[in-house]
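Peer 1:
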Amino acid sequence: MATEALQRQIQAKWEASFSRLNRDQPGISGLLTTSQAWEYIAELLRPRSLNDPSPRREIDVQRVKSVIDFLTRCKLTPSVVENFLDEMRKQQHLITRDVHEYMIQYERTTDIQFIARLIFRLSRWHKAWEPAIELGQTTITMFNSTFQTHVFSILPPPFFTGFKEVVKFTLTLADMDAVPGWMTEATPDNNGHSELSSRPDYSFWMACQRIGLLDRYESLVSSILYEQIEAHVWDTCTGKWGEPVLKDLRQWMNDELKPWMMLPFGKGAKGADESRSAIHGMGSRCDFHICKTLCELRIREIFDIIIDYPDSIGALLDLKECLNRVDQRDQLVQALRKANKKRLLHPGADTKDILTQYVSIIRCLRILDPPGVLLFKVADPIRRYLRERPDTIRCIVASLVGDGESGDSLVDENEPIQPLQQAQVEDYTDPSWEPEPIDAGPDFRSNKPGDVISTLVSIYDSKDLFVKELQVLLAQRLLAITDGNFERERRNIEILKIRFGEAALQVCEVMLRDMTDSKRIDQHVQSQKNLVLHPTIISRHFWPPLQAGKFVMPGQFKQVQDEYAKEFMAFKPDKKLRWLPHLGTIHLQLELEDRTISADVPPLEAAFIELFSQKDSWTVDELIAQVGSVERAAALKALATWVDLGVLKDRGGGNYILSEIAEDIAEPGAKTLPARPAQIVEDIPAVTSVQQQQAEQMQVFWRFIEGMLTNLGTLPLDRIQTMLKFAPGYDRTIEQLGAFMEAARREGLVTVKDGMWKLNRH
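Read left to right, the sequence shown gives residues 70 to 831 (our numbering).
#1: Exposed or buried, residue 117, counting other C-beta atoms within 10 Å across all chains shown (16 or more means buried)?
#2: For residue 704 versus residue 716, is the C-beta spacing smaller than 7 Å?
#3: Using the C-alpha atoms, what's the distance from residue 446 back to residue 308?
#4: Specify, as a first and last residue, the run of the alpha helix (DSSP H) that residue 664 falls within.
#5: Which word fits residue 572, buried or exposed, when buried means at least 16 other C-beta atoms lie within 10 angstroms of its C-beta?
#6: Could you check how far apart the C-beta atoms of residue 436 and residue 385 are, in whole angstroms? I think they sit under 8 Å.
#7: Return the first residue and the last residue of the beta strand (DSSP E) that residue 405 is part of.
#8: So if DSSP puts residue 192 in a beta bridge, which residue, or which two residues, is it bridged to?
#9: Would residue 530 be called buried (16 or more neighbouring beta carbons within 10 Å of its own) or exposed?
#10: Could you check how far apart the C-beta atoms of residue 463 and residue 804 are, in whole angstroms? I think they sit under 8 Å.
#11: Which value, in whole angstroms, describes the spacing of the CA atoms of residue 780 and residue 786?
#12: Where do the ends of the alpha helix (DSSP H) carrying residue 295 lie?
#13: I want to know whether the segment 589–596 touches the segment 552–562 - three or more CB-CB distances under 8 Å.
#14: Roughly how many angstroms lie between the CA atoms of residue 121 and residue 186, to the nearest whole one?
#15: Along the beta strand (DSSP E) that carries residue 821, what are the first and last residues, could you check?
#16: Give every residue of the same chain whose Cβ lies closer than 7 Å to the Cβ of residue 807, excluding the five residues on either side of it in the sequence, and list them in chain order.
#17: I'd like the list of long-range same chain contacts for residue 579, defined as Cβ closer than 7 Å, with 5 residues on each side in sequence excluded.
#18: To which residues of the same chain is residue 301 closer than 8 Å at the C-beta, ignoring the five residues directly before and after it?
#19: Cα-Cα, which of 693, 698, 178 is closest to residue 723?
#20: Please list the terminal residues of the continuous beta strand (DSSP E) segment that includes residue 656.
#21: Give every residue of the same chain whose Cβ lies closer than 6 Å to the Cβ of residue 401, excluding the five residues on either side of it in the sequence, and list them in chain order.
#22: Note down the Cα distance separating residue 231 from residue 219, rounded to an integer number of angstroms.
#23: State the start and end residues of the unbroken alpha helix (DSSP H) segment that holds residue 646.
#24: For residue 72, which residues does DSSP report across the bridge?
#25: Which one of 663, 619, 772, 268 has the shortest CA to CA distance from residue 328?
#26: Going by CA-CA distance only, name the one from 450, 613, 685, 659 that's closest to residue 714.
#27: Roughly how many whole angstroms lie between the Cα atoms of residue 139 and residue 157?
#28: Just verifying my parser: in three-state terms, what is the DSSP assignment at residue 613?
#29: Considering only the alpha carbon of each residue, which of 674, 639, 647 lies closest to residue 656?
#30: Got a sec? Which residues, its chain only, sit under 7 Å from residue 389 by beta carbon, not counting five neighbours each side?
#31: Looking at the strands, I want to know which residues DSSP matches up with residue 826.
#32: Return helix, strand or coil for residue 115, following the three-state DSSP convention.
#33: Please report the distance separating the alpha-carbon of residue 743 from that of residue 702.
#34: Alpha carbons only, please: which of 467, 601, 620 is nearest the one belonging to residue 558?
#35: Does the beta-carbon distance from residue 371 to residue 381 come in below 7 Å?
#36: How many Å lie between residue 399 and residue 670 at the Cα?
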């Protein structure tokens, strides 16, 4: 049993509720009014099937407002809304049935018109069930949430594939002569879009906006834009590097994409102007994606772009702007390093080609990144690889002096000639000083690249190697000049003075002066006694070591040499000539019984044929004994020259005979040999190369290394390097020492384990 107090409490609440519902009216008149208002609004809001043929009640806006105000005063609005939502949930099976029917047709035919028709159908369901705006925004929001929750929960996965295809289709509508009827099936209110309502896809986007597809699948619509951008960039920009294309891409976006974006991304805008303002954010994202896609394309093509430089300057300018917008500097570095390793840094690539590509990389990356951070990161593997190549210095030096095809393309004629740039100390008091870029490495400032030549020379720790190679190359070029014109070499030396300094080129100046003095001395000697010999006289202490050769010229050649030396000592009594008979060229005219043969041959060939003027038959050993120290292989090669010319005949067993008559018949019993093809005699450089000089010097330092390992056992490479610095004249880097020790290991002289070198005792 309820207590008396509880009964009184319940009675009080009942009376208060009744009074509120009855509106303090006499009897139950107020209650009847409330009941009528409830029935009216409930009937007005009741969800009806779109297939219901009965006409809908006409809406009296004034009455609706008064009824809603009355229910609001009675605090019944929430109950009305809840009742409406319950009724709507009871009718949701109608929507489910429609979705199922349209999707069956789409899955059976893959025709996107069924997706579009389904969207229009859902839009009509939404419009039919949408509550009056007088119920307030909260009610409409609750309705939209309930409606969209149900719709999105029943849409199957194939719907999203079809929806994406419909959206793609809307991009092509502007170019179509006739728009399909299913795309304009519904005609929602234009919501103020007077300029956009004439578009063929206007109805479709309004339907999508009504049922909430644009809010839920904005990322999907955006992805279609991005795919369109990617396809356009790859189709129109691949391999086109001559002119910048970024401006054209942005114009294409403004002309083609932005007008299309005004409907799907201009939600809530009243008119075209507001739509343009609304799509500003999406337009910015599309511009970013254009830069990103173009940047990815150019990064993929970067190696070929560099090869094509300077014709690819347009692509580089685009890439520079894209890198400023899109942070893909690391991707560029990794892609270029990978391409260099695969296509450039391998034994099949010529050193000149590697240097040419490296110079192009320097110039291209300076366009992309003037501070040089990208170049610093990309160049490191190239520089390390070039240091290991034995002919790198020679190729660089050849390019400095314009040595024909040896690499003059490395030097840009328009680039000013300037001294080699050295690392500079930071001047923090300089008002134009700037901090290092954020992605610079710890060694960036000390290795900051200068001009192209300085960058190439900085591959090595010291420029002394280049100076020595310059001396060798200049010596070879000077000795090869036969017309006495040294103006080109004099100009080269003046240019090199600017780059390396006058002190480094003093030896080269002495060599050049020797050539001019030699010409003057020869003119004086010839004026005293007309001789057929025209030697080049050089200063032994200022020229690089020349190729060794100690044979003696016989017969008339020796006589001419002695006569020339006598006249020279009369002119220069304080100097003495030391002949290098293995160098140079001799013009001979051989008078045989039935023919005369003219030939320009090396001195050894001339010495041998001179001996055949004394007797007609010689053996190889006899010829070598007559001229002195000559290797047997060199002697056979010299004799083969005369055999090829038909002057000598090889009788086998190392015997050679002079052929006075070309049609001379072989003697009985003589060995008949097949005809020899004419041999090509290679020009052996007169000057010893820097590598040969270094190899000979390292043979001297091997004695020190052998002594270390004998006395101390095993040593690491850096310890050997430290101790060798005490040896007179040792100036090798630890990389050069490592290469020498590796060569010694291959010869079986030393062994290495865990970085410790040990003498190999047999």
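All C-beta atoms, glycine included, are put in the ideal place defined by N, C-alpha and C.
Peer 2: Inspection of the coordinates gives the following:
#1: exposed
#2: no
#3: 26 Å
#4: Looking at the DSSP string, residue 664 is not in any alpha helix (DSSP H), and its letter there is neither H nor E.
#5: exposed
#6: 5 Å
#7: From DSSP, residue 405 is part of no beta strand (DSSP E) but of the alpha helix (DSSP H) over 398–412.
#8: Partner(s): none; residue 192 has no beta bridge.
#9: exposed
#10: Rounded, the Cβ-Cβ distance is 17 Å, inconsistent with contact.
#11: 16 Å
#12: 287–306
#13: no
#14: 20 Å
#15: 819–822
#16: 786
#17: 608, 611
#18: 318, 321
#19: 693
#20: 655–660
#21: 368
#22: 19 Å
#23: Here residue 646 belongs to no alpha helix (DSSP H), and DSSP marks it neither H nor E.
#24: Bridge partners of residue 72: none, in fact.
#25: 268
#26: 659
#27: 23 Å
#28: coil
#29: 674
#30: 436, 437
#31: 784, 821
#32: coil
#33: Low confidence applies to residue 743: its pLDDT is 38, below 50, so where it sits in the model is not reliable, and the reading given next is rough at best. So the alpha carbons of these two residues sit roughly 20 Å apart.
#34: 467
#35: no
#36: 60 Å
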